[in-house]
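Structure first, commentary second.
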Amino acid sequence: MPKSFNVNKYLRMDKMPHIWCPGCGNGMVMSAFLRAVDSLQLDPNRVVVVSGIGCSSRISGYLDFNTLHTTHGRPLAFATGIKLAEPTLEVVVITGDGDATAIGGNHFLHSCRRNINITLIVINNYIYGMTGGQYSPLTHKGDFATTAPYGNVEPELDMCKVAESAGATYVARGVTYKPVSMEDMIIKALENKGFSLVEILSQCPVYYGRMNKKGDAVEMLKWQKENTVTMKAAAQMAPSALKGKIITGVLSSRYRPEYTEEYENVIQQAQESAQ
Amino acid sequence: MTSERRLMQGNEACAEGALKAGLQFFAGYPITPSTEIAEILAKKLPKLGGKFIQMEDEIASMAAVIGASLTGAKSLTATSGPGFSLKQENLGFAIMTEVPCVIVNVQRLGPSTGGPTLTAQGDVLQARWGTHGEHAIIALCPASVEETYYLTIMAFNYAERFRTPVILLLDETIGHLRESVQLDKYDKMKIFSRPRPWETPDKYLPYAAEDDEPPPMAVFGEGYRYHVTGLVHDETGFPCTGNHAAIDRLLRRLTNKILAHEDEITLYKETMTEDAEHLLIAFGASARSAASAVKIARREGIRAGLLQVQTLWPFPEKLIRQKTLGKRSVLVPEMNLGQYAREIKKVVSDKTMVVTLSQIDGRLFHPNKILAYFKGEEKHAEVL
Chain A
8 MPKSFNVNKY LRMDKMPHIW CPGCGNGMVM SAFLRAVDSL QLDPNRVVVV
58 SGIGCSSRIS GYLDFNTLHT THGRPLAFAT GIKLAEPTLE VVVITGDGDA
108 TAIGGNHFLH SCRRNINITL IVINNYIYGM TGGQYSPLTH KGDFATTAPY
158 GNVEPELDMC KVAESAGATY VARGVTYKPV SMEDMIIKAL ENKGFSLVEI
208 LSQCPVYYGR MNKKGDAVEM LKWQKENTVT MKAAAQMAPS ALKGKIITGV
258 LSSRYRPEYT EEYENVIQQA QESAQ
Chain B
149 MTSERRLMQG NEACAEGALK AGLQFFAGYP ITPSTEIAEI LAKKLPKLGG
199 KFIQMEDEIA SMAAVIGASL TGAKSLTATS GPGFSLKQEN LGFAIMTEVP
249 CVIVNVQRLG PSTGGPTLTA QGDVLQARWG THGEHAIIAL CPASVEETYY
299 LTIMAFNYAE RFRTPVILLL DETIGHLRES VQLDKYDKMK IFSRPRPWET
349 PDKYLPYAAE DDEPPPMAVF GEGYRYHVTG LVHDETGFPC TGNHAAIDRL
399 LRRLTNKILA HEDEITLYKE TMTEDAEHLL IAFGASARSA ASAVKIARRE
449 GIRAGLLQVQ TLWPFPEKLI RQKTLGKRSV LVPEMNLGQY AREIKKVVSD
499 KTMVVTLSQI DGRLFHPNKI LAYFKGEEKH AEVL
């Protein structure tokens with residue numbers, strides 16, 4: 008992190024203060040993203056940030072890039088149109104767990120499969136915040152939500168595993184209590200030529216925290232610390248010690264052909280056959 | 149090459165018209181009876197350096213088209229009833245954010261899966277009101293293969309001119325009809341592209357416009373760094389939920405920018421309307437049936453005439469008022485239960501009788517139904 012870094016130059020300061028509740032993790036992820044953009048020296052004119060609907064999806068409005076606040080669940084589909092039409096743009100989708108894995112699950116799956124060069128940052132706070140605290144596909148079984156007043160009966164989805172098996176070429180899971188590692192993951196994701204997922208475990212003290220008696224934001228960050236284990240550390244641990252722990256770090260990184268490059272080949276082939 | 153006559157399908161003419169209009173991006177999902185449009189463009193677009201993508205669903209196709217258009221690409225999607233239903237939310241997003249694009253709906257019999265290969269005109273009002281909230285829309289409807297080519301180009305021109313999604317309503321009959329066409333007469337047609345901002349980025353207000361005009365549109369990536377949201381927004385493009393005056397201005401402008409230009413957008417054809425006692429008003433495939441009924445009726449001494457509306461929306465109110473003035477009756481043959489006839493009834497003088505003639509059995513509207521009406525023998529005729 009260069010000392011001269013000034014987050015304000017990437018923000019639309021006239022849109023502050025933001026709408027997020029005190030203690031929310033969205034700002035921490037936004038800041039990590041901006042540090043990543045700064046350390047890669049990306050040209051703001053060539054960065055497109057696409058978001059869906061929900062608390063975290065309001066990020067797009069605060070960032071001084073080309074920004075698109077889409078319909079619920081669809082940011083990846085909009086982003087796919089942008090990236091395919093203009094592959095030289097740096098396209099980033101920032102959204103939440105409900106938007107990405109429930110209503111947007113289909114687009115998530117197929118974006119991974121295409122390995123289109125888009126970075127997806129999912130801020131996972133285990134809850135629908137904007138609508139007041141309903142359970143999402145990432146809410147853990149047994150957790151409480153306004154629509155799970157007796158405890159969530161549905162098992163949670165591991166979206167990183169899904170991304171990896173569907174074909175994403177960079178998959179990482181970060182936590183808001185580790186901002187430097189979060190920033191590093193986002194840098195790697197932006198550098199990856201293919202579809203990248205960075206899932207960030209975040210805190211919603213107002214809805215998820217309150218309903219599940221997780222305490223305030225600080226308590227929730229402590230919970231993250233106690234309940235997550237890095238890939239590296241996990242390799243040294245016995246399976247019994249890993250029970251109930253969430254694995255963080257770079258979960259998968261590999262090469263597969265990237266979609267827009269593959270389509271450039273189609274164009275070349277079609278044009279050659281036309282001659 | 150272009151001066152040759154070609155035997156061509158309606159769906160093919162649509163794809164060719166889109167390319168003529170400068171199409172650069174297509175996103176779609178397979179659905180009968182529109183699939184040929186996607187198939188043809190999958191082959192032709194990359195030859196021209198354009199992009200084709202088959203998305204995972206209809207919703208994604210509509211989203212991708214809007215995304216591509218924000219980068220400056222003229223964009224198209226094509227579908228039929230079930231897919232058209234799925235696209236409605238994002239269609240509303242394109243209206244709200246003023247992103248130009250064209251949506252083809254090759255109508256099939258509905259509701260639901262209905263009849264994928266059966267013809268119908270049941271989506272006339274869905275094209276008008278399918279997405280939620282107050283809005284205006286442009287919808288064009290061709291009655292021949294050649295008109296499909298022409299109206300596809302016009303659809304793009306209007307989309308770009310007014311910064312709005314434009315719906316091209318084909319029906320299964322026209323989509324799959326093969327006719328001999330000569331397209332070179334359209335070679336000199338004016339092709340319109342969206343106006344770009346002339347201000348420098350620091351002075352750009354992405355949604356600042358006159359009360360009945362669209363604003364100029366910047367392209368993502370060119371330095372304007374603006375915000376696009378489906379939320380109500382002011383001239384800056386940012387949400388203005390608490391500013392009721394700005395909300396009012398936005399929503400009225402979105403409608404007025406289309407309604408104030410009714411004359412410019414109204415396209416139609418007419419045959420023997422002047423001395424007609426009975427005026428048929430029709431569109432799409434049923435306009436062909438009406439044309440042949442008019443010919444036969446005239447031979448039998450019935451003074452019938454045909455007004456074929458090519459622009460269904462915005463409703464061509466002035467045209468309909470003017471052409472129906474003094475007529476004894478207005479007959480509206482449709483492959484639905486009178487969706488457009490009821491719109492016509494709203495603007496026609498009480499002295500003129502408006503009759504809806506309907507056929508919804510999945511077959512092309514039969515001219516004999518119109519002739520039977522003149523003989524007082526048509527059971528699916530209703531005076532409105």
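Keeping their order, the protein sequence lines are chains A and B.
For the first sequence, the residue numbers in our numbering are 8 to 282.
For the second sequence, the residue numbers in our numbering are 149 to 532.
In this text, a Cβ means the ideal position worked out from N, Cα and C, and glycines have one as well.
- Of all residues in the stretch 364-383 of chain B, only Phe368, Gly369, Glu370, Gly371, Tyr372, Arg373, Tyr374, His375, Val376, Thr377, Gly378 and Leu379 place a beta-carbon less than 8 angstroms from a beta-carbon of chain A.
- For Leu167/B, no Cβ of chain A is located within less than 9 angstroms of the residue's own Cβ.
- DSSP lists Ala287/B as the beta-bridge partner residues of Trp461/B.
- Annotation: the continuous alpha helix (DSSP H) that includes His392/B extends over His392 to Leu407.
- A straight line joining the alpha-carbon of Asn484/B with that of Gly139/A spans about 43 angstroms.
- Ranked by Cα distance from Ala107/A, the options Val44/A, Val205/A and Asn272/A are led by Val205/A.
- Under the 8 angstroms Cβ criterion, the stretch 453-463 of chain B does not count as touching the stretch 496-515 of chain B, having fewer than three qualifying pairs.
- Residue range His426 to Ala430 is occupied by the beta strand (DSSP E) that includes His426/B, with no alpha helix (DSSP H) assigned at that position.
- Pro515/B: member of the alpha helix (DSSP H) spanning Pro515 to Phe522, first to last residue.
- The beta carbon of Gln172/B sits closer than 6 angstroms to those of Gly198, Ala221 and Lys222, all from its chain and outside the five residues before and after it, given in chain order.
- Following the DSSP letters along the chain, one finds Tyr177/A inside the beta strand (DSSP E) bounded by residues Tyr177 to Val182.
- The residue among Asp335/B, Glu361/B, Pro345/B and Thr421/B with its C-alpha nearest the C-alpha of Tyr306/B is Glu361/B.
- Ranked by Cα distance from Ser46/A, the first of Ala242/A, Ile194/A and Gln243/A is Ile194/A.
- Under the Cβ distance rule, Leu171/B does not count among the residues neighbouring chain A, no pair being separated by less than 9 angstroms.
- When DSSP reads this structure, Cys249/B sits in a beta bridge with Pro313/B.
- In the three-state scheme derived from DSSP, where H, G and I count as helix and E and B as strand, Arg153/B is classed as coil.
- The beta carbons of Thr77/A and Ser63/A sit no closer together than 9 angstroms.
- For His25/A, there are no neighbours in chain B by C-beta distance under 8 angstroms, as the nearest C-beta there is about 12 angstroms away.
- When Cβ pairs closer than 8 angstroms are counted between the two stretches, the stretch 267-277 of chain B is seen not to touch the stretch 260-278 of chain A, the count staying below three.
- Taking 9 angstroms as the threshold, the shortest C-beta distance from Pro51/A to chain B falls below it.
- Put simply, the CB of Ala441/B is far from chain A, with every gap to its CB atoms at 9 angstroms or more.
- Tyr297/B and Val329/B do touch by the CB rule: their CB atoms are close to 7 angstroms apart, below 8 angstroms.
- Those residues of the stretch 212-243 of chain B placed with their C-beta closer than 9 angstroms to a C-beta in chain A are Ala212, Val213, Ile214, Gly215, Ala216, Ser217, Leu218, Thr219, Gly220, Ala221, Ser223, Glu237, Asn238, Gly240 and Phe241, ordered along the chain.
- A direct Cα-to-Cα measurement between Asn234/A and Leu249/A gives close to 9 angstroms.
- Look at Asn159/A here: in three-state DSSP terms it is coil, with no helix or strand label.
- Distance from the Cα of Phe463/B is smallest, within the candidate group Glu526/B, Ile286/B and Arg326/B, for Ile286/B.
- For Asp205/B, the chain A residues whose Cβ falls inside 7 angstroms of its Cβ are Asn113, in order along the chain.
- Arg373/B and Phe386/B have their alpha carbons spaced roughly 12 angstroms apart.
- Of all residues in the stretch 255-270 of chain A, only Tyr270 come within less than 8 angstroms of chain B when Cβ atoms are compared, listed by chain position.
- For the set Gly174/A, Gln278/A and Trp230/A, the Cα lying nearest the Cα of Ile123/A is the one of Gly174/A.
- Taking each of Pro181/B, Gly281/B, Phe174/B and Gln269/B in turn and checking the Cα distance to Gly158/B, the smallest one comes out for Pro181/B.
- Pairwise C-beta distances place the stretch 29-48 of chain A in contact with the stretch 205-215 of chain A, as three or more of them are shorter than 8 angstroms.
- Any Cβ of chain A closer than 9 angstroms to the Cβ of Ala208/B would place that residue at the interface, and such an atom is present.
- With fewer than 16 other CB atoms across the displayed protein chains lying within 10 angstroms of its CB, Ala281/A is exposed.
- Under DSSP, Phe200/B takes part in a beta bridge, and its partners are Phe174/B.
- Contact with chain B is found for Gln276/A, since one of that chain's Cβ atoms lies less than 9 angstroms from the residue's Cβ.
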